[in-house]
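Protein chains in written order, with the working numbering: chain R, 1 to 502; chain D, 1001 to 1162.
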Amino acid sequence: MQDTNENFKSKFTDSPQGESKFSYYLEKIGEIGFVEQNLHSLVYVSGLPEVHPGETVIFERGGAGQVFTLNKDYVEVLLFSNSEVVVGTKVVRTGETLKVPIGKGLLGRVINPLGVALDDRPTPTDVSGVIVDKAPPKIVERATPDKPMETGVSLVDVVVPLAKGQRELIIGDRKTGKTEFLLQTIISQAYKGAICIYAVIGQKRTDILNLAGFFKDEKAFKNTIIVASSSSEASGIVYLTPYTAMTIAEYFRDLGMDVVLILDDMTTHARVYREISLLGRRFPGRSSYPGDIFYLHAKIVERAGNFKKGSITLLPVAESLLGDLSGYIQTNLMSMTDGHIFFDINLYNDGKRPAVNPFLSVTRVGRQVQSKLLKDAGREIIGFLVSYDRMKQFLHFGAEVGQSARNILALGTKVDVFFNQANFSNMDVNLSLLILSGLWAGIWEDKENTNLKRSFEQIMLCFNTDEQYKKQVTDLISKHQKFASLVTYLRREGEIIKSKLT
Amino acid sequence: MSANNLISKIRTLDEKNKLNGELDLMLAHLYENKDTSLASVLRSQIRAWVSDEIVPNLGENSDDSEKYLKTLKTELDKLRVLSLKIAFEPTETSIDKFSSYVKNTIADDIIIDFEIDPRIYGGAQITFNGEYRDFSLKRLFDDEYAQKETELKELVSKKPQS
């Protein structure tokens, strides 16, 4: 990965004419400022009488920043580089609000929030500068979500379905499989032609490199953009990451495309903003976060949605501590999104993959875009999972159970095996419906759980490789409106499944 | 009135900083006696002309003196600074000329911060209230070079005729 500081310096110090950009803007604007105080991520600058909030400023020895606040005597500037800005350094206005380069040239690239290339390739071309901080679109530009967004993970697609344009929070403890789920979603959507943008906010550089390597291997990269800021970068850069990612998403939305935007993770973003605010002597609120922390995230989340031209499906990530969903930032994000998918550490420790807790996960929009069959199946399965969970609790007392309870337990373990999905194995929703209906119909009643996984994989392989079989399954699913009727059909005519089992 | 007399004699930022230092010294020794008393400091460590201006206006007691000295400091802080980058070291006469021109033409509460940079060749670069203007010879030469660059390069690259 190229050194971002060097790339950054060249972006702000060398103009196309070869002269220093500092001299150019000093001549052009005719205003100068001097650094009076350096507070690590923030500097206080005197002078610059007509500077406006959000404007980009350049320092004499290289580096740039954005005007954060205007005080009576000083201008507060948020730094975009880790380079030392000493007291007395001259500062000049650019006269422009911060813009980032946006365009189709970004597809398949890894960039930082200022548009500087982080992969070992030239700076993206076919791009133009667009203002980063924009107001959310008005209500007349929006449309009701009407298309489902398949993640390729059967548990989510059936039980906690998502729609295009939905804002769904992904929440869970660290190392509970959230990133694997998101990568699975990106692969599933990228192959369907959606544009996928992954914003890495303040994470380790090795993780960013691994992510870039992963996408290259998966060949989904041509529809993917990674906007990354590492934990070693300046706070200003980390703060800017989700805004740049959203601006890029809006560009592709305006071209009429469906975009999936992942912000990983917003709790880190909140921590960085808290650091900046406390340095700027803002009054601390709950947990020392500033009072506008809700607004900071809400103005990003509200820019996503389903629109008359295109959609932006937003999946912000939040990290919880020991499964506590009542944290400040977590509850803020839950209230501004259209639901949340909760990754339970207890389920993860039990070996469930993905460790999605269907009882604590919510989707407020996804069900309205599901087909009648899928809606009915989802309702049935959720009801069954509740009964199954209760039955398992009951067993702890060592009580003897009747035949119906034993049936529920037997079916429940089979459903568990089905929902335990390997990483990056894409499960089409029609295939999920077929297998679940088959389970309800008793096709695998006599099968041992150890062989069950293998038989699911056999059907999946046929579905993914045999176009005729895929069409057969799709036609069957589309003929039925009710889960019960599909189950009854398979009980009578289970050949569509049985013929593929060895 | 006397405070204004003293302040009006400050021409440059260096003079202001020096007077500020002297005022701080006087304030530090205000309540001391014998060898380190204010009178002793005024005799030995403060410039004569400053001492001459201040002594008649010191109050009868230390509290009044303190008030007077602090008023002087406040008035000194209110002075506005005009930064002037020039290519030569100005003489006392030049400093007087610059200062009286600025005080008479613009405002009498402006002092000059001189910066010497021979690289600008001549003229001046002026910074005041956050505004910057470049009237240096360097800028004129750079602009001229930018216009004549192609012509000059052609001239230099011509091979001598054999």
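Ideal placement from N, C-alpha and C gives every residue a C-beta, glycine not left out.
The alpha helix (DSSP H) enclosing residue i, as first and last residue numbers
| i | result |
| --- | --- |
| PRO242 of chain R | 235-254 |
| SER425 of chain R | From DSSP, SER425 of chain R is part of no alpha helix (DSSP H); its letter is neither H nor E. |
| VAL156 of chain R | 154-159 |
| ASP416 of chain R | 403-419 |
| TYR974 of chain D | The displayed coordinates of chain D run from 1001 to 1162. Any statement about residue 974 of chain D would go beyond what the structure contains. |
N-terminal and C-terminal residue of the beta strand (DSSP E) that residue i is part of
| i | result |
| --- | --- |
| GLY95 of chain R | 90-97 |
| LEU78 of chain R | 75-79 |
| LEU42 of chain R | 42-47 |
| VAL67 of chain R | 64-70 |
| VAL35 of chain R | 33-39 |
| GLU495 of chain R | Segment 495-498 is the alpha helix (DSSP H) holding GLU495 of chain R; no beta strand (DSSP E) there. |
| HIS297 of chain R | That residue, HIS297 of chain R, is in no beta strand (DSSP E); its alpha helix (DSSP H) goes 293-301. |
| ILE186 of chain R | ILE186 of chain R -> not in any beta strand (DSSP E); alpha helix (DSSP H) instead, spanning 178-191. |
| PHE342 of chain R | 339-343 |
| VAL87 of chain R | Here VAL87 of chain R belongs to no beta strand (DSSP E), and DSSP marks it neither H nor E. |
| ARG1115 of chain D | The question names Arg, yet the displayed sequence has Glu at residue 1115 of chain D. 1110-1116 is the span of the beta strand (DSSP E), which, as asked, contains GLU1115 of chain D. |
| VAL130 of chain R | 128-131 |
| MET55 of chain R | It should be pointed out that residue 55 of chain R corresponds to Glu in this sequence rather than to Met. Looking at the DSSP string, the run of the beta strand (DSSP E) that includes GLU55 of chain R is 55-59. |
Cut-off 7 angstroms between Cβ atoms - residues of its own chain near residue i, not counting five sequence neighbours on either side
| i | result |
| --- | --- |
| LEU347 of chain R | ALA355 and ASN357 |
| GLU6 of chain R | Low confidence applies to GLU6 of chain R: its pLDDT is 49, below 50, so where it sits in the model is not reliable, and the reading given next is rough at best. For GLU6 of chain R, where only same-chain residues beyond five positions count, there are no Cβ hits under 7 angstroms. |
| LEU1016 of chain D | One detail in the question is off: residue 1016 of chain D reads as Lys in this sequence, not Leu. Contacts found: ILE1010, LEU1076, LEU1079 and ILE1111. |
| ALA220 of chain R | ILE186, ILE187, ALA190 and TYR191 |
| ASN420 of chain R | LYS352 and ARG353 |
Nonlocal neighbours in the same chain, by C-beta distance under 8 angstroms from residue i, ignoring five residues either side
| i | result |
| --- | --- |
| THR1012 of chain D | ILE1095, SER1099, ILE1111, ILE1112, ASP1113 and PHE1114 |
| ARG121 of chain R | ARG109 |
| ALA1107 of chain D | ARG1080 |
| PRO1118 of chain D | ALA1087 and PHE1088 |
| PRO1090 of chain D | PHE1098 and PHE1114 |
| PRO545 of chain R | With chain R running from 1 to 502 in the structure shown, residue 545 of chain R is simply not present. |
| ASN82 of chain R | ASN5, SER232, GLU233 and ALA234 |
| ILE29 of chain R | VAL92, ARG93, THR94 and GLY95 |
| GLY54 of chain R | GLN66, VAL67, THR97, LEU98 and ASP133 |
| MET460 of chain R | SER425, MET427 and LEU431 |
| PRO16 of chain R | Low local confidence applies: a pLDDT of 43 at PRO16 of chain R is under 50, so the model's placement there is unreliable, and no value is given. |
Per DSSP, the bridge partner or partners of residue i
| i | result |
| --- | --- |
| ASN306 of chain R | R:SER311 |
| GLU319 of chain R | R:GLY172 |
| TYR198 of chain R | R:ILE226 and R:ILE262 |
| GLN1125 of chain D | D:LYS1085 and D:ASP1134 |
| GLN203 of chain R | R:SER230 |
| HIS480 of chain R | Per DSSP, none; premise fails for HIS480 of chain R. |
| THR363 of chain R | R:GLY339 |
| PRO148 of chain R | R:ALA163 |
| THR1150 of chain D | BP columns for THR1150 of chain D are empty, so no partner. |
| ASP324 of chain R | R:LEU321 |
| THR1012 of chain D | D:ILE1112 |
| PRO101 of chain R | R:GLY129 |
Cβ-based neighbour list, residue i, same chain, cut-off 6 angstroms, excluding 5 preceding and 5 following
| i | result |
| --- | --- |
| TYR198 of chain R | ILE226 and ILE262 |
| GLY18 of chain R | Model confidence at GLY18 of chain R stands at a pLDDT of 38, short of 50, so the residue's coordinates are unreliable; what they give is reported in the following sentence. Closer than 6 angstroms at the Cβ level, and outside the excluded window around GLY18 of chain R, lies no residue. |
| GLU36 of chain R | TYR44 and SER46 |
| ILE496 of chain R | none |
| MET257 of chain R | ILE195 and GLY310 |
| LEU490 of chain R | SER437, GLY438 and ALA441 |
| ARG167 of chain R | VAL301, ALA304, LEU314, THR337 and ASP338 |
Distance cut-off 8 angstroms: residue i Cβ against heavy atoms of the ligand ADP
| i | result |
| --- | --- |
| VAL260 of chain R | Ligands are entirely absent from the displayed structure, and the ligand ADP is therefore not among its contents. |
For the pair the stretch 161-170 of chain R and the stretch 142-153 of chain R, tell me if three or more CB-CB distances fall below 8 angstroms.
Flag = yes, the stretch 161-170 of chain R and the stretch 142-153 of chain R touch.
For the structure I just gave you, are there three or more beta carbon pairs, one from the stretch 474-488 of chain R and one from the stretch 1069-1077 of chain D, closer than 8 angstroms?
In short, these stretches do not touch, since the Cβ pair count stays below three.
Positions along the stretch 51-73 of chain R whose CB lies within less than 8 angstroms of some CB in chain D:
Those would be none; no residue qualifies.
Any contact between the stretch 66-76 of chain R and the stretch 100-116 of chain R? By contact I mean 3 or more CB pairs, one from each, below 8 angstroms.
They do not touch, by the three-pair rule.
Would you list, in chain order, the members of the stretch 23-35 of chain R that have their beta-carbon closer than 8 angstroms to a beta-carbon of chain D?
Residues LEU26, GLU27, GLY30, GLU31, ILE32 and GLY33.
Could you run through the stretch 104-134 of chain R and flag, in chain order, every residue whose CB is less than 7 angstroms away from some CB of chain D?
Across the stretch 104-134 of chain R, no CB contact with chain D closer than 7 angstroms is found for any residue.
Contact list for the stretch 1112-1130 of chain D against chain R, Cβ threshold 8 angstroms
The stretch 1112-1130 of chain D vs chain R, Cβ under 8 angstroms: THR1127, ASN1129 and GLY1130.
Check distances from the C-beta atoms of the stretch 1030-1044 of chain D to those of chain R and list, in chain order, the residues that come in under 7 angstroms.
Under the 7 angstroms Cβ criterion, the stretch 1030-1044 of chain D contributes no residue.
The stretch 172-191 of chain R in contact with the stretch 390-402 of chain R per 3-pair CB rule at 8 angstroms:
Touching, no.
Using 8 angstroms as the threshold, is the stretch 230-247 of chain R in touch with the stretch 265-272 of chain R, meaning 3 or more CB pairs across them?
Three or more beta-carbon pairs drawn from the stretch 230-247 of chain R and the stretch 265-272 of chain R are found closer than 8 angstroms, and the two stretches are therefore classed as touching.
The stretch 50-69 of chain R touching the stretch 84-104 of chain R, judged by at least three CB pairs closer than 8 angstroms:
Yes, since at least three Cβ pairs between the stretch 50-69 of chain R and the stretch 84-104 of chain R fall closer than 8 angstroms, the two stretches touch.
Counting only Cβ-Cβ distances shorter than 9 angstroms, please list the residues of the stretch 39-50 of chain R near chain B, keeping chain order.
Looking at the structure shown, chain B is missing, and the protein chains on hand are R and D.
Check whether the stretch 181-196 of chain R touches the stretch 410-427 of chain R, taking contact to mean three or more Cβ pairs, one atom from each stretch, closer than 8 angstroms.
Yes: at least three Cβ pairs fall under 8 angstroms.
For the stretch 469-483 of chain R and the stretch 366-380 of chain R, state whether three or more C-beta atom pairs, one from each stretch, are separated by less than 8 angstroms.
Verdict: yes, contact present.
The stretch 333-346 of chain R / the stretch 126-143 of chain R touching (three or more Cβ pairs under 8 angstroms):
Judged by Cβ distances under 8 angstroms, the stretch 333-346 of chain R makes no contact with the stretch 126-143 of chain R, as fewer than three pairs qualify.
Could you tell me whether the stretch 288-299 of chain R touches the stretch 272-280 of chain R, where touching means 3 or more Cβ pairs closer than 8 angstroms?
Touching, yes, given that three or more Cβ pairs across the two stretches are closer than 8 angstroms.
State whether the stretch 464-483 of chain R contacts the stretch 1055-1065 of chain D, with contact taken as three or more CB pairs (one from each stretch) at a distance under 8 angstroms.
Look at the beta carbons and you see the stretch 464-483 of chain R not touching the stretch 1055-1065 of chain D: under three pairs across the two are nearer than 8 angstroms.
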